[in-house]
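See structure below.
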Amino acid sequence: MAPVDLAVLEGATKAPEPLPVFVVLDYENGETREVMGFAYGWTRAHVLVEVPWPMEYYEGRKEVWVEASRVRRRKIDRDWRW
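Going by this note's numbering, the first residue of the sequence shown is number 34, and it counts up by one from there.
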């Protein structure tokens with residue numbers, strides 16, 4: 034996850050609704066994984082995503098700004114049934 038200059042975020046575009054994406058994340062233990070998440074906004078260089086985040090006893094959610102090159106769109110199959 035990249036440190037983001039707050040001045041750059043002033044011109045960020047906000048998504049009208051969350052967009053499904055895949056995000057490549059680097060974790061503190063050195064592991065890199067691609068996870069499913071949702072994009073909530075973006076600039077030319079960064080995307081605000083909500084992703085699953087492992088906690089000690091459960092998996093939470095976290096909003097982070099990541100470099101745009103680490104994000105790609107995904108499609109949710111609306112016809113899929115349990």
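We put the beta carbon where it would ideally sit given N, CA and C, even for glycine. In this text the structure is predicted, and so the values were computed from the model without any measurement.
Local conformation of residue i per DSSP, three classes
i: R103; result: helix
i: E96; result: strand
i: R66; result: strand
i: E89; result: coil
i: E83; result: strand
8 angstroms Cβ cutoff met for residue i and residue j
i: G74; j: E83; result: no
i: R94; j: P85; result: yes
i: R103; j: P53; result: no
i: V56; j: E67; result: yes
i: A10; j: P51; result: Outside the shown range of the chain, which is 34 to 115, sits residue 10, and nothing can be said about it.
i: A45; j: T76; result: yes
Residue range of the beta strand (DSSP E) that includes residue i
i: K47; result: T46 to D59
i: T76; result: That residue, T76, is in no beta strand (DSSP E); it is neither H nor E in DSSP.
Integer-rounded CB distance, given that residue j should sit under 8 angstroms from residue i
i: G100; j: A78; result: With the sequence shown as reference, residue 100 is identified as Glu, and Gly is not the correct amino acid for it. E100 to A78, Cβ: 7 angstroms. Contact.
Near the ligand HEM: residue i beta-carbon under 7 angstroms from a heavy atom
i: T76; result: In terms of ligand content, the structure shown is empty, and the ligand HEM therefore cannot be addressed.
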